[in-house]
Amino acid sequence: MKEFIVCYTLEDDIKRERIMKKADIGKEQVIQEIVEKIEQRKYFLTKGEHGYYWINRSSIRYIGVHEKDDPKFNQIKL
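Just so it is clear: in the sequence shown, position 26 is 11 by the numbering used here, and no numbers are missing.
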């Protein structure tokens, strides 16, 4: 299993979500799944460190996806 960290930068906040995927899934596939989820719904539910959050897709300004075991992960500022 691979762990991905998804960072949603909103108009006034930043929300992070951890996603577990099979080992053969790549970062690009995770990004595609997220984009499809956002296109299908006006609001969607994410699970963060402090519980669940509803996110309005119109408030999203940036989405970052990082693989947890990526050696560059620690160099990325979120």
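C-beta: ideal position from N, C-alpha, C; glycine also.
Terminal residues of the alpha helix (DSSP H) in which residue i lies
i	result
Glu34	That residue, Glu34, is in no alpha helix (DSSP H); it is neither H nor E in DSSP.
Lys12	12 to 25
Chain C within 9 Å of residue i, Cβ atoms only
i	result
Glu52	Protein chain content of the structure displayed is limited to a single chain, and chain C is not contained in it.
Opening and closing residue of the beta strand (DSSP E) in which residue i lies
i	result
Arg42	Element bounds for Arg42: n/a, residue is neither H nor E.
Met5	-1 to 6
Lys(-13)	-13 to -5
Nearest-angstrom Cα separation, counted from residue j out to residue i
i	j	result
Ala8	Ile48	22 Å
Glu(-4)	Asp54	29 Å
Gly33	Ile19	15 Å
Lys27	Ser44	10 Å
Close beta carbons around residue i, own chain, < 7 Å, minus the five adjacent residues each side
i	result
Val15	Phe(-11), Ile4, Lys6, Val50
Same chain, Cβ closer than 8 Å to residue i, five either side skipped, listed in chain order
i	result
Phe29	Lys22, Ile23, Trp39, Ile40, Arg42
Met(-14)	Met5, Lys6, Lys7, Ala8
Tyr37	Leu30, Thr31
Arg46	Thr(-6), Leu(-5), Glu(-4)
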